[in-house]
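**Q** Structure provided below as structure tokens; questions to follow.
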Amino acid sequence: KRQITTDLLAFDRLNYNVVNAQMGRGKVEKILTFAMSMIAGTLSKMANDICLYLSQNFGFISLPEKYTTGSSIMPQKKNPDVFELLRAKCNKIQSLQYNVMSITNNLTSGYFRDMQILKEIVIPAISELKQCIDIACYVLPELIINKNILEDEKYKYIFAVELVNEKVLQGKSFR
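In my numbering, each number is its position in the sequence shown, counted from 1, plus 39.
As structure tokens, then:
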């Protein structure tokens, strides 16, 4: 059986040392959840930025109404539920790496049933991360950019650093 599995998975050779074979368990899950955490972290940060830039304090972007909900007190409000939930789900996925390490780090050498718990937390998280990516790819193209935002008086100094740098490049002192 082990040779058939080795051949089907195109491994170079059969690992005869059972303890050595078992010592690798959990490592793939750690690597996978680290990579998932990096992707989820990027998505979470993006979702947070979108929530911020959608807020009335910024107003840089907006979403079509089909991606927002009103609140019970203020039905006219446009809550970015899609991105708030995306942020939360991605934050949850980032904690998965810690869960995997907590299960695997204190085990002695050999096989333990603890490892089966990894499957029940990692496999659903893979699907959840894929859903997060899919929803981001679906909604992002529909973001509406407020093209006239910089005409607002409160943004008149937004390019002050660029103006200073330009003057320095022309030979004027930064001071």
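Yeah, the Cβ is synthetic: ideal placement off N, Cα and C, and Gly gets one too.
#1: Out of Asn145, Gln42 and Tyr137, state which residue places its alpha-carbon closest to the alpha-carbon of aspartate 51.
#2: For asparagine 185, does the three-state DSSP call read helix, strand or coil?
#3: Quick check on serine 101: does DSSP put it in helix, strand or coil?
#4: Which residues share a DSSP beta bridge with threonine 108?
#5: Can you check whether the CB of cysteine 90 is closer than 8 Å to the CB of phenylalanine 122?
#6: Taking only three categories from DSSP, how would you classify lysine 195?
#7: Rounded to whole angstroms, what's the CA-CA distance from leucine 53 to asparagine 59? Just pull it up for me.
#8: Can glycine 65 and leucine 168 be called in contact, C-beta distance under 8 Å?
#9: Kindly indicate which residue of Ile112, Lys84, Asn138 and Val67 has the alpha-carbon position closest to the one of leucine 124.
#10: Assuming glycine 80 contacts glutamine 136 under a Cβ cut-off of 8 Å, what Cβ separation, rounded to an integer in Å, is found between them?
#11: So, are the CB atoms of leucine 208 and isoleucine 197 less than 8 Å apart?
#12: Select from Ala49, Asp46 and Met62 the residue whose C-alpha is nearest the C-alpha of serine 148.
#13: Identify, in the order they occur along the chain, each residue of the same chain with its Cβ nearer than 6 Å to the Cβ of threonine 45, setting aside the five sequence neighbours on each side.
#14: Taking the alpha-carbon positions, what's the asparagine 185 to proline 163 distance?
#15: If we ignore side chains and look at the alpha-carbon of each, how far apart do threonine 107 and valine 178 end up?
#16: On the criterion of 16 or more Cβ atoms from any shown chain inside 10 Å, does serine 77 qualify as buried, or is it exposed?
**A** Quick answer:
#1: Gln42
#2: coil
#3: strand
#4: Asn118
#5: yes
#6: coil
#7: 11 Å
#8: no
#9: Lys84
#10: The Cβ separation is near 10 Å, so there is no contact.
#11: no
#12: Met62
#13: Leu53
#14: 37 Å
#15: 11 Å
#16: Correcting the residue type first, residue 77 is methionine in the shown sequence and not serine. It counts as exposed.
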